[in-house]
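Trainee: Dropping the structure in here first, questions after.
Numbering (this note's numbering), first residue to last: 831 to 1063.
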């Protein structure tokens, strides 16, 4: 593995895995230029409506904000494929699924996107007919080049073959920074699990929790702030 700063703009950070360059973007996404593929994970669309349905006041703008951020990335990179590593939608059908449907139809009509692919996660429980009329390719896992893309990192461990690299989501990885005055800050990012040969993506959705990782000596972590991506030393 190697790493360099820069990319489509100075705030990105490029890493190399198995001879492939992957660009980490501060908007919690990853760009695989060779395959013209934009990767995100754990979007959890519909979560705000799910909570409102149960009497918890969550702004409607949460859903629209996630879609707006994703569209900015599509406009920036002009991907042929968007690959979501699970948990696109949080739970049962609600009004925010209709918002996504309309958004996706417009995105296909506006940009050069050819495929929106979902590697299904534990929250992806919508019925098949929810996808009628929209172009979403779904599967339990997907492989391309040296990578096996899954939602849960544990699924890669059961399929692993020598020389393969896992790319997963699900864990919402973060690290905790502590200051002298006992202040603490939790920051999301990408976690390279060396013993598992797996790169774990940060959650794209901002209305989700995160889990502080327990790093081993050979692991790597790249912190994602609002403005930049940087290695955690």
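The beta-carbon is built from N, C-alpha and C at its ideal position, and this holds for glycine as well.
(1) Would you mind stating whether residue 955 and residue 977 have Cβ atoms separated by less than 7 angstroms?
(2) Output the boundary residues of the alpha helix (DSSP H) element that contains residue 936.
(3) Could you give the residue range of the alpha helix (DSSP H) that holds residue 906?
(4) Using 8 angstroms as the threshold, is the stretch 1029–1040 in touch with the stretch 860–874, meaning 3 or more CB pairs across them?
(5) Since residue 998 and residue 915 are thought to touch, with beta carbons under 8 angstroms apart, how far apart are those beta carbons, to the nearest angstrom?
(6) Any beta-carbon of chain B closer than 7 angstroms to the one on residue 894?
(7) How long is the line joining the alpha carbons of residue 1051 and residue 906, rounded to whole angstroms?
(8) Could you name the residues of the same chain whose beta carbon sits closer than 8 angstroms to that of residue 993, not counting the 5 residues immediately before and after it, in chain order?
(9) For residue 1026, does the three-state DSSP call read helix, strand or coil?
(10) Measure the C-alpha to C-alpha separation of residue 896 and residue 1034 and round it to an integer number of angstroms.
(11) Kindly give me the distance between the Cβ atoms of residue 866 and residue 909, rounded to whole angstroms, as I take these residues to be in contact under 8 angstroms.
(12) Quick check on residue 951: buried or exposed, where buried means 16 or more other Cβ atoms within 10 Å of its Cβ?
(13) Any idea what DSSP makes of residue 991, helix, strand or coil?
(14) Figure out for me which residue from 961, 902, 928 and 972 has the closest Cα to the Cα of residue 940.
(15) Using the C-alpha atoms, what's the distance from residue 911 back to residue 946?
(16) Should residue 853 be labelled buried (16 or more other beta-carbon atoms within 10 Å of its own) or exposed?
(17) How far does the beta strand (DSSP E) with residue 1004 in it reach, from first residue to last?
(18) Would you kindly work out how many angstroms separate the C-alpha atoms of residue 1018 and residue 841, rounded to a whole number?
Mentor: In brief:
(1) no
(2) 925–940
(3) 891–907
(4) yes
(5) 6 angstroms
(6) This model lacks chain B altogether, as it is built from one protein chain only.
(7) 25 angstroms
(8) 848 and 976
(9) helix
(10) 8 angstroms
(11) 5 angstroms
(12) buried
(13) coil
(14) 902
(15) 6 angstroms
(16) buried
(17) 1003–1008
(18) 16 angstroms
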